[in-house]
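These notes are about the structure you will find just below.
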Amino acid sequence: MRLVAQAVTVTFPGRATPVLNRADFHARQGETVAILGPSGSGKSTLLSVLGGLATPSTGAVFVTDDAGAPTTMPLAKASAWILQTTNVLPERTALDNVAIAAELAGLDRAAALDRAAHALAVVGLGTRMRARTRVLSGGEVQRVVTARALVAGRPFILADEPTGQLDRTSTDTVLDALFDGVRTTTPTNPATAPAGLTARGLVVVTHDPVVAQRCDRVVHIDDGRVVT
Numbered sequence: 005m006r007l008v009a010q011a012v013t014v015t016f017p018g019r020a021t022p023v024l025n026r027a028d029f030h031a032r033q034g035e036t037v038a039i040l041g042p043s044g045s046g047k048s049t050l051l052s053v054l055g056g057l058a059t060p061s062t063g064a065v066f067v068t069d070d071a072g073a074p075t076t077m078p079l080a081k082a083s084a085w086i087l088q089t090t091n092v093l094p095e096r097t098a099l100d101n102v103a104i105a106a107e108l109a110g111l112d113r114a115a116a117l118d119r120a121a122h123a124l125a126v127v128g129l130g131t132r133m134r135a136r137t138r139v140l141s142g143g144e145v146q147r148v149v150t151a152r153a154l155v156a157g158r159p160f161i162l163a164d165e166p167t168g169q170l171d172r173t174s175t176d177t178v179l180d181a182l183f184d185g186v187r188t189t190t191p192t193n194p195a196t197a198p199a200g201l202t203a204r205g206l207v208v209v210t211h212d213p214v215v216a217q218r219c220d221r222v223v224h225i226d227d228g229r230v231v232t
């Protein structure tokens, strides 16, 4: 399965130049892609378009099968998100927040709780899973969101600066969790396994060279254009 953007332009009212200007992009399951570029270059907008959170002014974004034929899968169903603005339920525990995503992926409550607990342990929150998310630090909430994406059962994970609020140790832990299972059907830790999938694709917007170095491909955006 592939996630494809073709000649995508995004314009905003009051802005003279497009945020994205005929941008082309693709990612496939089993592949990790880093998107790099200066602040304001259009990186996060491209990610939003790929995930169906924003609509292109012109161009097309769609999901294809491995042979390149378009599918009917909605963009919103193709990807799980790790956003800079972390959307969690503040009065629910970290465990509940992650388990809800696993239930939406088709697991029963008991299996969802088990998978959520394992995913939280993998991202270093095993001792904090019973805490309500409103009492967690920003970095801890970021890891809850990462665990939630891991259990969501979507073909792709779209991550916008997933390590921006983390120290180096936590960054390494989260990156290990994200990259484990993307390229293989037998990940090191079963909590990161893409349930029901042959593999997962990871598209990550980042300023961190450590993140980019771990990816299969690096795409650069400048002035709304994909230049590599």
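Residue numbers (our numbering): 5 to 232.
From the three backbone atoms N, C-alpha and C, an ideal C-beta is built for every residue, glycine too.
Val208 places its beta carbon less than 8 Å from that of Pro166. Under a 10 Å Cβ-count criterion, Gln217 is classified as exposed, with fewer than 16 other Cβ atoms of the shown protein chains found around its own Cβ. The beta carbon of Ala82 is closer than 7 Å to those of Leu7, Val67, Arg158, Pro159 and Phe160 in its chain, skipping five residues each way along the sequence. Around the beta carbon of Leu170, 16 or more other beta carbons sit within 10 angstroms, so the residue counts as buried. By the Cβ neighbour-count rule, Phe16 is exposed, with fewer than 16 other Cβ atoms within 10 Å of its own.
Burial state of Arg119 is buried, judged by a 10 Å Cβ sphere holding 16 or more other Cβ atoms. Here Thr177 carries a helix assignment [DSSP, helix/strand/coil].
Only residues of its own chain outside the window of five on either side were considered, and among them Val145, Gln146 and Val149 have a CB closer than 7 Å to the CB of Thr90, listed in chain order. The C-beta distance from Gly63 to Ala20 rounds to 19 Å, too long to fall under 8 Å, and the pair is not in contact. The DSSP-derived three-state label of Phe16 is coil. DSSP, read as helix, strand or coil, puts Ser83 in strand. In the displayed model, Val127 falls within coil according to three-state DSSP, outside both helix and strand. Asp28: member of the beta strand (DSSP E) spanning Leu24 to Arg32, first to last residue. According to the DSSP assignment, Thr68 belongs to the beta strand (DSSP E) that extends over Thr62 to Thr68. For Arg221, the enclosing beta strand (DSSP E) begins and ends at Arg221 to Asp226. Distances from the CA of Asp227 to each of Asp28, Ala31 and Gly44 were compared; the closest alpha carbon is that of Gly44. In the DSSP assignment, the residues bridged to Gln10 are Ala64. Every alpha helix (DSSP H) stretch that sits fully inside the region 124–170 and reaches 4 residues is listed by chain position as 142–155. Assignment of Arg229 by DSSP, reduced to helix, strand and coil, places it in the strand class.
Below 8 Å, too few C-beta pairs join the region 125–142 and the region 48–60 to call them touching: fewer than three. A direct Cα-Cα distance of roughly 20 Å separates Asn25 from Val37.
If you check the CB distance, Thr59 and Val23 do not come in under 8 Å. For Thr75, the secondary structure class from DSSP, reduced to helix, strand or coil, is coil.
Taking a C-beta distance under 8 Å as the contact criterion, Val102 and Leu87 do not qualify as a contact pair.
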